[in-house]
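Encoded as structure tokens, the structure appears first; notes follow it.
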Amino acid sequence: MTAAAEPSAVATTEHRFTRNGHESPLQVLPVVDGEPQLGHVLVFGRPADGCLVRIHSRCLYGEALDSQDCDCGPELRRSLDLIQEAGHGVLVYLEQEGRGLGLIAKAQGYRVSERTGADTFAAYRSLGFPEDARGYAHAADSLGRLGLARVRLLTNNPEKVEAVRAAGIDVTIEPLCTPPLSERAAAYLEAKRRRRGHWIPASEPASAPAPATDRPIGEQITVVG
1 MTAAAEPSAV ATTEHRFTRN GHESPLQVLP VVDGEPQLGH VLVFGRPADG CLVRIHSRCL
61 YGEALDSQDC DCGPELRRSL DLIQEAGHGV LVYLEQEGRG LGLIAKAQGY RVSERTGADT
121 FAAYRSLGFP EDARGYAHAA DSLGRLGLAR VRLLTNNPEK VEAVRAAGID VTIEPLCTPP
181 LSERAAAYLE AKRRRRGHWI PASEPASAPA PATDRPIGEQ ITVVG
């Protein structure tokens with residue numbers, strides 16, 4: 001097929017969306033009907049077979065707080081840049097904070113990592129958690145419901161590729177190159193490459209941005225709940 005189907009539920013949400021001065025149609029639907037808490041599918045423009053797709057898990061630190069300790073924010077921004085340049089594409093945004101374990105577990109993992117020097121995967125295990133509790137089957141199924149048979153998947157994660165292919169969708173892998181913004185981020189990327197098989201160059205050097213001198217110095221962040 002050449003164009004994605006447009007479910008009636010999606011058509012009711014279409015509106016204009018502006019980013020970086022560029023305006024495009026945007027449609028929104030839940031990843032799973034009736035369960036919006038699992039995540040949403042954001043359809044930019046009129047995607048057809050072979051369009052760019054990003055499956056992304058929520059990261060409050062990286063996306064809202066501009067954390068330089070992970071690559072989540074840069075990956076999301078780069079994906080949106082590429083989709084915008086293409087004129088159309090799909091973002092599947094999953095509510096899987098903290099690799100599916102939530103913000104409190106994430107903060108606990110960071111604390112253990114800082115105190116022991118272990119990476120966050122080992123820190124999770126020491127807390128009795130799985131290294132990564134995320135799943136991508138629902139995300140893959142949502143692409144099928146859009147009528148997509150072929151996608152260009154923006155990812156370094158082989159588990160996402162496996163999930164989409166298991167849903168019967170042909171995948172062309174489009175690796176994301178986002179140099180780490182700190183030594184801690186570089187260590188995190190290395191841990192993802194070594195422990196989870198992500199397609200990331202070994203020992204990717206840190207590339208710190210210029211300091212935001214117009215921002216006030218903040219207090220330590222404490223997560224409660």
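Heads up: the sequence shown begins at 1 in our numbering, then just goes up one per residue.
Beta carbons are placed, not taken as given, at the ideal position from N, Cα and C, and that holds for glycine.
Can you find at least 3 beta carbon pairs, one from the stretch 89-101 and one from the stretch 182-196, that sit closer than 8 Å? Too few Cβ pairs lie closer than 8 Å, so no.
Take the Cβ of Gln-220 as the centre, count every other Cβ of all protein chains shown within 10 Å, and call the residue buried at 16 or more, exposed below. Counting from one through the sequence shown, the residue named residue 220 turns up at place 220. Model confidence at Gln-220 stands at a pLDDT of 40, short of 50, so the residue's coordinates are unreliable; what they give is reported in the following sentence. That one is exposed.
Tell me Ser-57's beta-bridge partners as DSSP assigns them. For the purposes of this step, residue 57 is taken as residue 57 along the sequence shown, with counting starting at 1. Ser-57 is bridged to Leu-94.
Quick one, which of Asp-170, Arg-125, Cys-51 and Glu-162 has its alpha-carbon nearest Tyr-136's? Along the sequence shown, read from residue 1 onward, the residue named residue 136 stands at position 136. Nearest of Asp-170, Arg-125, Cys-51 and Glu-162 to Tyr-136, Cα basis: Glu-162.
Can you check whether the CB of Leu-176 is closer than 8 Å to the CB of Val-53? Taking the first residue of the sequence shown as 1, we reach residue 53 at position 53. Taking the first residue of the sequence shown as 1, we reach residue 176 at position 176. The answer is no: Cβ separation not under 8 Å.
For a test of the three-state rule: what should DSSP assign to Gln-68, helix, strand or coil? Counted from its first residue, the sequence shown places residue 68 at position 68. Coil.
With a 10 Å radius around its C-beta and 16 neighbouring C-beta atoms as the bar for buried, classify Pro-130 as buried or exposed. One-based indexing of the sequence shown puts residue 130 at position 130. By the 10 Å Cβ count, Pro-130 comes out exposed.
How far does the beta strand (DSSP E) with Glu-159 in it reach, from first residue to last? Residue numbering aside, residue 159 sits at position 159 when the sequence shown is read from its first letter. Run containing Glu-159: none in the beta strand (DSSP E); it sits in the alpha helix (DSSP H), 158-166.
Could you tell me if Ile-83 is buried or exposed, where buried requires 16 or more neighbouring beta carbons within 10 angstroms of its beta carbon? Mapped onto the sequence shown, residue 83 falls at position 83. Buried.
Can you look up Asn-20 in the DSSP assignment and give me helix, strand or coil? Here residue 20 corresponds to residue number 20 of the sequence shown, with the count starting at 1. Asn-20 sits in coil when the DSSP states are folded into three classes, being neither helix nor strand.
Are the stretch 106-119 and the stretch 16-29 touching, with three or more C-beta to C-beta distances below 8 Å? Touching, no.
Nearest residue (CA-CA) to Glu-114, options Tyr-188, Asp-66 and Cys-51: Mapped onto the sequence shown, residue 114 falls at position 114. Answer by Cα proximity: Tyr-188.
Is it true that the CB of Glu-85 sits closer than 8 Å to the CB of Leu-76? Sequence index remark: in the sequence shown, residue 76 carries index 76 (1-based). Sequence index remark: in the sequence shown, residue 85 carries index 85 (1-based). Not in contact: Leu-76 and Glu-85 (Cβ atoms no closer than 8 Å).
Around the Cβ of Gly-73, are there at least 16 other Cβ atoms within 10 angstroms (buried) or fewer (exposed)? Along the sequence shown, read from residue 1 onward, the residue named residue 73 stands at position 73. So Gly-73 counts as buried.
So, at 6 Å on beta carbons, what are the nonlocal neighbours of Thr-178 in its own chain, with the 5 sequence-adjacent residues on each side left out? Taking the first residue of the sequence shown as 1, we reach residue 178 at position 178. The answer, listed in chain order, is Asp-71, Pro-74, Glu-75 and Arg-78.
Compare the C-beta of Leu-127 against all C-beta atoms of chain D and say whether one is closer than 8 Å. The structure shown has no chain D; it contains just one protein chain.
Once you ignore the five residues that flank Gly-144 on each side, which residues in its own chain have a CB closer than 8 Å to its CB? In the sequence shown, the residue the question calls residue 144 occupies position 144. Within the same chain, Ala-167, Gly-168 and Ile-169 come within 8 Å of Gly-144 by CB-CB distance, once the 5 residues on both sides are set aside.
Span of the beta strand (DSSP E) holding Phe-44? For the purposes of this step, residue 44 is identified with residue 44 of the sequence shown, where counting begins at 1. Start and end: 39-44.
Over what stretch of residues does the beta strand (DSSP E) that includes Val-151 continue unbroken? As a first step, residue 151 is located in the sequence shown; it is residue number 151 there, counting from the start. First-last of the beta strand (DSSP E) with Val-151: 150-154.
Out of Arg-58, Leu-146, Tyr-110 and Leu-103, which one is the CA nearest neighbour of Gly-45? In the sequence shown, counting from the first residue as 1, residue 45 sits at position 45. Taking the Cα of Gly-45 as reference, the smallest distance to any Cα among Arg-58, Leu-146, Tyr-110 and Leu-103 is reached at Leu-146.
Boundaries of the alpha helix (DSSP H) in which Glu-183 is found, first to last residue: Your numbering for residue 183 matches position 183 in the sequence shown. For Glu-183, the enclosing alpha helix (DSSP H) stretches over residues 183-196.
Report the partner residues of Thr-172 according to the DSSP bridge assignment. Stepping through the sequence shown from its first residue, residue 172 is reached at position 172. Residue pairing by DSSP puts Thr-172 in a beta bridge opposite Arg-152.
Roughly how many angstroms lie between the CA atoms of Thr-12 and Glu-35, to the nearest whole one? For the purposes of this step, residue 12 is identified with residue 12 of the sequence shown, where counting begins at 1. For the purposes of this step, residue 35 is identified with residue 35 of the sequence shown, where counting begins at 1. One C-alpha to the other measures close to 17 Å.
Coarse secondary structure for His-138, derived from DSSP in three states: By 1-based counting over the sequence shown, the position of residue 138 is 138. Assigned with DSSP and collapsed to three states, His-138 falls in helix.
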